[in-house]
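Asker: Count along the sequence shown from 1, then add 7; that gives the number in my numbering.
Quick reminder that beta carbons are idealized off the backbone N, C-alpha and C, glycines included.
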Amino acid sequence: MRSNQIRKSGAPKREAAVIGSGPNGLAAAIVLARQGIRVRVYEAAPVAGGGVRSAELTLPGFLHDTCSAVYPLGVCSPCFEQFPLKEHGVTWIQPDAPLAHPLDDGTAVILEQSVERTAGQLGEDADAWRRLFAPLASFWPTLRHEILRPIGLPRHPWAMSQFGLPAIASARGVAERRFRGTRARALFAGIAAHSVLPLEERLSAGIALVLSLAAMTTGWPILQGGAQSLAAALTAYLESLGGEVVTGTPVETLPDAPLVMCDVGPRQLLKLGGSRFPASFRQALAGFRYGPGVFKLDWALDTPIPWRARECYRAATVHLGGTLEEIAAWERRHTGKPFVLLVQPTLFDSTRAPEGKHTAWAYCHVPNGSTKDMTDAIEDQIERFAPGFRSRILGRHVLSPAALEQHNPNLVGGDVGGGRNGLPQSIFRPTWRRYGTPLEGVYLCSSSTPPGGGVHGMCGYHAARQALRSL
Ligand SMILES: Cc1cc2nc3c(=O)[nH]c(=O)nc-3n(C[C@H](O)[C@H](O)[C@H](O)COP(=O)(O)OP(=O)(O)OC[C@H]3O[C@@H](n4cnc5c(N)ncnc54)[C@H](O)[C@@H]3O)c2cc1C
8 MRSNQIRKSG
18 APKREAAVIG
28 SGPNGLAAAI
38 VLARQGIRVR
48 VYEAAPVAGG
58 GVRSAELTLP
68 GFLHDTCSAV
78 YPLGVCSPCF
88 EQFPLKEHGV
98 TWIQPDAPLA
108 HPLDDGTAVI
118 LEQSVERTAG
128 QLGEDADAWR
138 RLFAPLASFW
148 PTLRHEILRP
158 IGLPRHPWAM
168 SQFGLPAIAS
178 ARGVAERRFR
188 GTRARALFAG
198 IAAHSVLPLE
208 ERLSAGIALV
218 LSLAAMTTGW
228 PILQGGAQSL
238 AAALTAYLES
248 LGGEVVTGTP
258 VETLPDAPLV
268 MCDVGPRQLL
278 KLGGSRFPAS
288 FRQALAGFRY
298 GPGVFKLDWA
308 LDTPIPWRAR
318 ECYRAATVHL
328 GGTLEEIAAW
338 ERRHTGKPFV
348 LLVQPTLFDS
358 TRAPEGKHTA
368 WAYCHVPNGS
378 TKDMTDAIED
388 QIERFAPGFR
398 SRILGRHVLS
408 PAALEQHNPN
418 LVGGDVGGGR
428 NGLPQSIFRP
438 TWRRYGTPLE
448 GVYLCSSSTP
458 PGGGVHGMCG
468 YHAARQALRS
478 L
């Protein structure tokens, strides 16, 4: 799509083009449309949704989440809670427990939707868990607003000071200082690995705190009928406000519209804007750092996964990596056994598979752009905690880092978070301008802006609000 196809000059001022229909693009479009702006979203893929799509990837009748599957930051998002998503078909399903972390002794540590119940299974670390999380959990209703926005002067300084000190530390440091036992350390390490940072690096504890707090308060739900139901609801709401989504339309140059919201990464923005951007901005975009990639597998299964630890049937999300030391080794150098994040949605949502059958979704982090086939290593890790898993497989679908990028150009080298986390990039993301660009009316609104990766719509929400202030 070239710019003159999108808008002839002289069109009405209150008009916006959004490039990309991921959750952030759709959130930005909705925030603008709610202010009476005529919004058109251009999506390269044949289906809207970006990271919130589902498809029959393996066998007919088995519906898989192609990218995101679990929504700790979606269910508590200050953006999504303003939208009538339920009216448009969104049903969050809360599994009995947010997370199970099996260990080699045949038991599993469970992250419960309660600080007290989680602490209750941590033995010698029960009090330390309570001390760390109980005060922060009471702040969660305000803390989530602070965390899901660009880092700046806190509006709730007391809550942020309690959170900020441990958050800025390394996950390994926090785990080893605060907990003595294998179970609490392993649980914390697995959650911290969602930062896609080495667990020895600063800020990795922050992600563990955020996701643990979300789990113990608002939960880690899945979406009934799969991820696609969220994209469908956001699209339907946008259309009810007069907006539209045009799919199968890759945008090649910046559209000539008064407002352009780009749900793309810095590398693509560079291509879209080209020489229209000053050299310093081009240089800043080119210097943006991407994080490790992801190697993902989906399976159609004959039965549920045969877990050795029965507690694993209580959770949709299961972390397979054993101890803190093992998980840290994988996330630091990608050596040893991979740390695997697994989701078993059909235990809680039977609409996604033929009767009695199941699906599973899993990935591990790999070096950015890695071409190594991780299928056997991931399945070996599942077999370790669920002997006989392979014999239940009816169909398998593989997404390598290259295939992920082909599926969605925002996933550079398989990086699913829109860029490396950590300091200083988490503050100046992707440049000191954050959502803004040197071109009037052109904004970036993808997960490469604050507050970063995950399905929450907050990058789009903040970018659109900044754009509205400029009108
Ligand atoms: C395998 C995987 C697993 C994940 N798991 C989870 C999870 O469980 N929970 C969670 O919260 N998050 C998860 N995420 C992360 C989450 O999906 C992303 O952080 C989120 O989707 C980012 O939203 P976005 O709107 O910024 O971009 P995206 O969702 O990436 O959407 C961008 C859209 O823009 C389109 N586009 C790009 N360039 C152009 C162009 N030039 N013209 C037109 N269209 C264009 C793309 O096709 C895409 O549809 C996962 C991601 C992946 C890939």
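I'd like the list of long-range same chain contacts for residue 14, defined as Cβ closer than 8 Å, with 5 residues on each side in sequence excluded.
Answerer: Confidence at residue 14 is low in this model, with a pLDDT of 43, below 50, so its placement is unreliable and the value that follows should be read with caution. 22, 24, 262, 263, 264.
Asker: Let me know the alpha helix (DSSP H) ranges lying completely inside the segment 177-237, each 4 residues or longer, listed in chain order.
Answerer: 178-185, 189-199, 211-224
Asker: By DSSP's criteria, residue 287 is part of a beta bridge. Which residues make up the other side?
Answerer: DSSP output for residue 287 lists no bridge partner at all.
Asker: If you draw a straight line from the alpha carbon of residue 378 to that of residue 170, how long is it in whole angstroms?
Answerer: 38 Å
Asker: Which two residues bound the contiguous beta strand (DSSP E) that contains residue 109?
Answerer: 104-109
Asker: For the candidate residues 303, 173, 429, whose alpha-carbon lies nearest to that of residue 136?
Answerer: 173
Asker: Measuring alpha carbon to alpha carbon, tell me which of 206, 130, 203 ends up nearest residue 189.
Answerer: 130
Asker: Flag this pair as touching only if the segment 181-188 and the segment 218-226 have three or more C-beta atom pairs under 8 Å; answer yes or no.
Answerer: no
Asker: If you check the beta carbons only, do residue 284 and residue 445 fall under 8 Å apart?
Answerer: Less than 8 Å separates the beta-carbon of residue 284 from that of residue 445.
Asker: Under 8 Å, do residue 27 and residue 453 count as touching if we go by C-beta distance?
Answerer: yes
Asker: What are the complete alpha helix (DSSP H) segments, minimum 4 residues, inside the segment 262-313?
Answerer: Listed in chain order, they are 273-280, 286-293.
Asker: Provide the residue(s) that pair with residue 365 in DSSP beta bridges, ordered along the chain.
Answerer: 308
Asker: Quick one: what does DSSP say residue 320 is sitting in, helix, strand or coil?
Answerer: helix
Asker: Taking a contact to mean a Cβ-Cβ separation below 8 Å, would you say residue 313 touches residue 396 in this structure?
Answerer: yes
Asker: Pick out the complete beta strand (DSSP E) segments inside the segment 74-141, 3 residues or longer, and give them in chain order.
Answerer: 104-109, 115-118
Asker: Buried or exposed for residue 138, please, with buried defined as at least 16 other CB atoms from any protein chain shown within 10 angstroms of its CB.
Answerer: exposed
Asker: Do you know how far the Cα of residue 303 is from the Cα of residue 406?
Answerer: 5 Å
Asker: Can you name, in chain order, every residue of its own chain whose Cβ lies under 6 Å from the Cβ of residue 230, other than the five neighbours on each side?
Answerer: 236, 237
Asker: Between residue 466 and ligand 3, is there a pair consisting of the residue's CB and a ligand heavy atom that are separated by less than 7 Å?
Answerer: With respect to ligand 3, the structure offers nothing, as its ligand set consists of ligand 1.
Asker: Buried or exposed for residue 478, please, with buried defined as at least 16 other CB atoms from any protein chain shown within 10 angstroms of its CB.
Answerer: Counting the other CB atoms within 10 Å of its CB gives residue 478 a total below 16, which places it among the exposed residues.
Asker: Determine contact between the segment 46-60 and the segment 282-296, defined as no fewer than three beta-carbon pairs at a distance below 8 Å.
Answerer: no
Asker: Should residue 460 be labelled buried (16 or more other beta-carbon atoms within 10 Å of its own) or exposed?
Answerer: Under this definition residue 460 is a buried residue.
Asker: Specify the secondary structure class of residue 423 as computed by DSSP and reduced to three states.
Answerer: coil
Asker: Taking the DSSP output, what are the residues bridged to residue 429?
Answerer: Beta-bridge pairing links residue 429 to no other residue.
Asker: Residue 156 to residue 166, Cα distance in whole Å?
Answerer: 15 Å
Asker: Using only the alpha-carbon positions, how far apart do residue 257 and residue 50 sit?
Answerer: 6 Å
Asker: Quick check on the DSSP output: the beta strand (DSSP E) that includes residue 348 runs from which residue to which?
Answerer: Judged by DSSP secondary structure, residue 348 falls within the beta strand (DSSP E) whose first and last residues are 347-350.
Asker: Please state whether DSSP places residue 452 in a helix, a strand or coil.
Answerer: coil
Asker: So, at 6 Å on beta carbons, what are the nonlocal neighbours of residue 99 in its own chain, with the 5 sequence-adjacent residues on each side left out?
Answerer: Taken in chain order, the residues that qualify are 82, 228.
Asker: Check the C-beta distance from residue 197 over to residue 108 and give it rounded, since I have them as a contact under 8 Å.
Answerer: 5 Å
Asker: Could you check what DSSP says for residue 383 in three-state terms: helix, strand or coil?
Answerer: helix
Asker: Nearest to residue 242 by CA position, among 344, 37, 474, 276, is which residue?
Answerer: 37
Asker: Would you mind stating whether residue 193 and residue 343 have Cβ atoms separated by less than 8 Å?
Answerer: no
Asker: My output table needs one value for residue 401: the three-state DSSP class, helix, strand or coil.
Answerer: The three-state secondary structure of residue 401, taken from DSSP, is strand.
Asker: Any heavy atom of ligand 1 inside 7 Å of the beta-carbon of residue 376?
Answerer: no
Asker: So, residue 439 versus residue 366, is the Cβ gap smaller than 8 Å?
Answerer: No; because the gap between Cβ atoms is not below 8 Å, this pair is not in contact.
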